[in-house]
Amino acid sequence: KLFRQEVDHAFQRIDAASENVDPDLAESTASQGTLTIVFRDKHQLILSPQAPVRQIWAAFRDRAWHFDLSEKGAWMDDRGQGINLFSLVQDLTREYAGVTITLGE
Numbered sequence: 001k002l003f004r005q006e007v008d009h010a011f012q013r014i015d016a017a018s019e020n021v022d023p024d025l026a027e028s029t030a031s032q033g034t035l036t037i038v039f040r041d042k043h044q045l046i047l048s049p050q051a052p053v054r055q056i057w058a059a060f061r062d063r064a065w066h067f068d069l070s071e072k073g074a075w076m077d078d079r080g081q082g083i084n085l086f087s088l089v090q091d092l093t094r095e096y097a098g099v100t101i102t103l104g105e
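Residue numbers (the numbering used here): 1 to 105.
This is the structure:
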C-alpha cells in the first residue's frame, strides 16, 4: 500500500509540473496506473509502476530505466548511475519539448 502511495505521489508531481506546458510540446496522461508523456515529436516517455519489485520503470525510445525508492525518499536508478526519476523527466522535457519544468529531487 505504501509503495502505491509513493508512486501516486511521484506521478502527481510530474503531472502537476506538466500542467502549465503547452500540450503541443508535451502532454502527460495517466491511464491504468501508468503515466505517459507525449512530446512534440511524438516520442513517448512511459512511466509504469512494477509492484512485485517495488520499482517505477521508465521507457523512452530505445532506453529503459528502473527506479527504486531510496531511504531518503528519492526515486533512483537501480544501476547505481545516480539518475533520479525527476531529473530524467526534467531533462527529457527540456530536450524534447524545449521547456523547463521543475520537480525538485
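No residue lacks a Cβ here, since even glycine has one placed at the ideal position from N, Cα and C.
Computed from a prediction, not measured in an experiment: that's the story for all the values here.
Exercise for review: Under the assumption that Tyr96 contacts Asp62 (Cβ atoms under 8 Å), give the Cβ distance between them as a whole number of angstroms.
Suggested key: Taking 8 Å as the upper bound for CB-CB distance, Tyr96 and Asp62 are not in contact here, some 14 Å apart.
Review point. Over what stretch of residues does the alpha helix (DSSP H) that includes Arg94 continue unbroken?
Key: For Arg94, the uninterrupted alpha helix (DSSP H) run begins and ends at Leu85 to Ala97, by DSSP.
Point to revise | Asp68 - partner residues in DSSP beta bridges | key: Gln55 and Met76
Practice item. Could you pull out every residue in the same chain whose Cβ sits closer than 7 Å to the Cβ of Leu88, ignoring the five residues on either side in sequence? Key: Around Leu88, the same chain offers Ala58 and Trp65 as residues with beta carbons nearer than 7 Å, after the five sequence neighbours per side are excluded.
Check your understanding: For Val38, which of helix, strand or coil comes out of DSSP?
Key -> strand
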